[in-house]
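**Student:**
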């Protein structure tokens, strides 16, 4: 569908070569976005590829919303792989995160 087409177009942009050096944050943002697009189109296999790429740079990313998006993608992929115990653990962790008060407790379910 359209989600996969958008993901393919983004994936065609090579972040590793070219004149501009991309930061880990920029790489993670792109990889997470591509994973999200594939997941929206119910293609967790392709989503997993880009979630794995994001995982390689996430330790260098301090952006809390991006970290959350990555963690949600990872949990959704585990869910799609029928790794329900691992996925439920990730979902539970996400539901209990306040991230130093950056998330209102009323928004946590």
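In full-length UniProt numbering, the protein residues as written are 1 to 109. Backbone N, C-alpha and C fix where the C-beta goes; we use that ideal spot for every residue, glycine too. None of these values were measured; they are calculated from a predicted model.
Would residue 110 be called buried (16 or more neighbouring beta carbons within 10 Å of its own) or exposed?
**Tutor:** What is shown of the chain runs 1 to 109, which leaves residue 110 out entirely.
**Student:** Counting beta carbon pairs with one atom in the stretch 31-39 and one in the stretch 2-15, are three or more of them shorter than 8 Å?
**Tutor:** As far as the Cβ criterion goes, the stretch 2-15 touches the stretch 31-39, which means the pair count is three or higher.
**Student:** What separation, rounded to the nearest whole angstrom, lies between the Cα atoms of residue 25 and residue 57?
**Tutor:** Looking up residue 25 in the chain shown gives position 25. Looking up residue 57 in the chain shown gives position 57. Their Cα atoms are separated by approximately 8 Å.
**Student:** Under a three-way DSSP split, which group does residue 47 fall into?
**Tutor:** As a position in the chain shown, residue 47 is number 47, starting the count at 1. Of the three classes helix, strand and coil, the one that applies to residue 47 here is helix, per DSSP.
**Student:** By how many angstroms is the C-alpha of residue 84 removed from the C-alpha of residue 63?
**Tutor:** Counting from one through the chain shown, the residue named residue 63 turns up at place 63. Counting from one through the chain shown, the residue named residue 84 turns up at place 84. Residue 63 and residue 84: Cα-Cα distance of roughly 27 Å.
**Student:** Is residue 93 near residue 71, with beta carbons less than 9 Å apart?
**Tutor:** For the purposes of this step, residue 93 is identified with residue 93 of the chain shown, where counting begins at 1. For the purposes of this step, residue 71 is identified with residue 71 of the chain shown, where counting begins at 1. Yes, the pair counts as a contact, with Cβ atoms nearer than the cut-off.
**Student:** Mapping DSSP to helix, strand and coil, what is residue 42?
**Tutor:** Counting from one through the chain shown, the residue named residue 42 turns up at place 42. Residue 42 falls in the coil class under three-state DSSP.
**Student:** Taking 9 Å as the threshold (C-beta atoms), are residue 89 and residue 44 in contact?
**Tutor:** If you number the chain shown from 1, residue 44 lands on position 44. If you number the chain shown from 1, residue 89 lands on position 89. Not in contact: residue 44 and residue 89 (Cβ atoms no closer than 9 Å).
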